[in-house]
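Written out below as structure tokens is the structure these notes cover.
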Amino acid sequence: MLIACWSVKGGVGTTVTATGFALALAHRAGSGCLLVDMAGDASCCLGLAEPSGAGLADWLRASSSAPPDALVRLQVPVAPGLALLPRGTGPLLSDRGALLVQLLGALPQTVVVDCGLLAGPGVVQRVAAQADRSLLVSRLCVLGLRQAAHALVRPSGVVVLREPGRALSIEDVEQAVGAPVVATVAVDPSVARLVDAGLLAGRLPRSFAGLLEAMAA
Ligand SMILES: Nc1ncnc2c1ncn2[C@@H]1O[C@H](COP(=O)(O)OP(=O)(O)OP(=O)(O)O)[C@@H](O)[C@H]1O
Ligand SMILES: [Mg+2]
């Protein structure tokens with residue numbers, strides 16, 4: 169199963185949510201999870217050293233004669249049940265985008281992709297549009313929801329980061345986006361502290377458990 173997490177507004181928590189989703193899936197019994205980094209922040213979010221080797225961008229740049237299993241060999245083990253496909257360096261070229269979606273969808277693990285901010289047509293938009301679950305990550309923020317109404321991709325669901333004191337409701341989100349809210353995640357200062365300390369990979373904050381509901385939606 170291929171799950172894409174993306175946003176229409178920067179800094180809403182897409183990387184932390186995608187990473188938390190991957191950690192929650194890895195903690196679940198099963199065939200494990202692969203976190204694919206299209207945005208470039210996943211290693212730091214997991215508290216890993218910046219990868220020095222090749223990554224997704226390098227695979228996308230390779231000629232079509234490069235063996236498809238090269239994508240598997242680029243994966244880095246992170247924690248029990250969790251591997252990371254680092255972003256690599258350079259632009260994310262779109263020539264091999266269709267093959268990428270096909271290969272990621274065929275992997276035995278559940279694949280969570282941090283697509284980051286959807287900025288325009290290209291391979292990131294393709295992954296977001298063709299994933300089995302296409303999840304818009306949003307706060308209860310009118311400025312973000314306004315942009316979501318005109319997003320390049322229609323999400324299959326929305327993951328809402330809940331902060332205390334916001335006036336907008338889940339119903340407001342669903343009405344603005346035209347898709348159901350499939351999970352909510354509390355904005356929890358302890359999560360931000362774990363990220364800042366580089367300790368997220370070793371913990372599964374309770375606020376991420378609800379993300380697994382998005383699998384069923
Ligand atoms: N559930 C959460 N609880 C508390 N803080 C969070 C949570 N999710 C994200 N944050 C914090 O919000 C900030 C932005 O998070 P993050 O980098 O995941 O956003 P983003 O949408 O991926 O940003 P960008 O558009 O730059 O890729 C970070 O400081 C992060 O620690
Ligand atoms: Mg990010």
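Under this note's numbering, the first residue of the sequence shown is numbered 169, with each subsequent residue one higher.
Ideal placement from N, C-alpha and C gives every residue a C-beta, glycine not left out.
This structure is a prediction, so every number in the text was calculated from the model and none was measured.
Assumed close pair residue i, residue j - CB separation to whole angstroms, cut-off 8 angstroms
i, j, result
"residue 283", "residue 269", "Their Cβ separation, rounded to whole angstroms, is 12 angstroms, which puts residue 283 and residue 269 out of contact at 8 angstroms."
"residue 190", "residue 250", "6 angstroms"
"residue 317", "residue 304", "In fact, because the Cβ distance is near 11 angstroms, the residues do not count as touching under 8 angstroms."
"residue 253", "residue 204", "4 angstroms"
"residue 294", "residue 262", "7 angstroms"
"residue 173", "residue 186", "4 angstroms"
"residue 348", "residue 297", "Residue 348 to residue 297, Cβ: 18 angstroms. No contact."
Residue of the options minimising C-alpha distance to residue i
i, options, result
"residue 302", "178, 315, 326 and 198", "326"
"residue 181", "381, 354 and 236", "354"
"residue 329", "314, 287 and 379", "379"
"residue 196", "227, 298 and 377", "377"
"residue 369", "357, 229, 247 and 233", "247"
"residue 335", "309, 349 and 342", "309"
"residue 278", "198, 361 and 366", "198"
"residue 207", "231, 347 and 280", "280"
"residue 232", "245, 217, 322 and 264", "264"
"residue 290", "371, 266 and 194", "266"
Any non-hydrogen atom of ligand 1 within 6 angstroms of residue i CB
i, result
"residue 207", "yes"
"residue 392", "Only positions 169 to 385 of the chain appear in the structure, and residue 392 is not among them; the question remains open."
"residue 284", "yes"
"residue 175", "yes"
"residue 321", "no"
"residue 352", "no"
"residue 295", "no"
"residue 178", "yes"
"residue 356", "yes"
"residue 181", "yes"
"residue 246", "no"
"residue 363", "yes"
7 angstroms Cβ shell around residue i - same chain, five flanking residues per side excluded
i, result
"residue 271", "236 and 239"
"residue 359", "184, 373 and 375"
"residue 245", "251"
"residue 363", "184 and 213"
Run of the beta strand (DSSP E) containing residue i, from where it starts to where it stops
i, result
"residue 355", "Note, residue 355: premise wrong, no beta strand (DSSP E); not H, not E."
"residue 265", "Note, residue 265: premise wrong, no beta strand (DSSP E); alpha helix (DSSP H) at 265 to 274."
"residue 325", "325 to 330"
"residue 284", "278 to 285"
"residue 172", "170 to 175"
"residue 301", "301 to 307"
"residue 244", "244 to 247"
Cβ shell of residue i (< 6 angstroms), same chain only, five flanking positions each side left out
i, result
"residue 307", "180 and 329"
"residue 224", "253, 255 and 256"
"residue 137", "In the structure displayed, the chain extends from 169 to 385; residue 137 sits before or after that span and is not available."
"residue 344", "313 and 317"
"residue 229", "261"
Close beta carbons around residue i, own chain, < 8 angstroms, minus the five adjacent residues each side
i, result
"residue 352", "327, 328, 329, 330, 338 and 378"
Closer than 6 angstroms: residue i CB and nearest ligand 2 heavy atom
i, result
"residue 185", "no"
"residue 257", "no"
"residue 278", "no"
Endpoints, alpha helix (DSSP H) assigned at residue i
i, result
"residue 210", "210 to 213"
"residue 191", "182 to 195"
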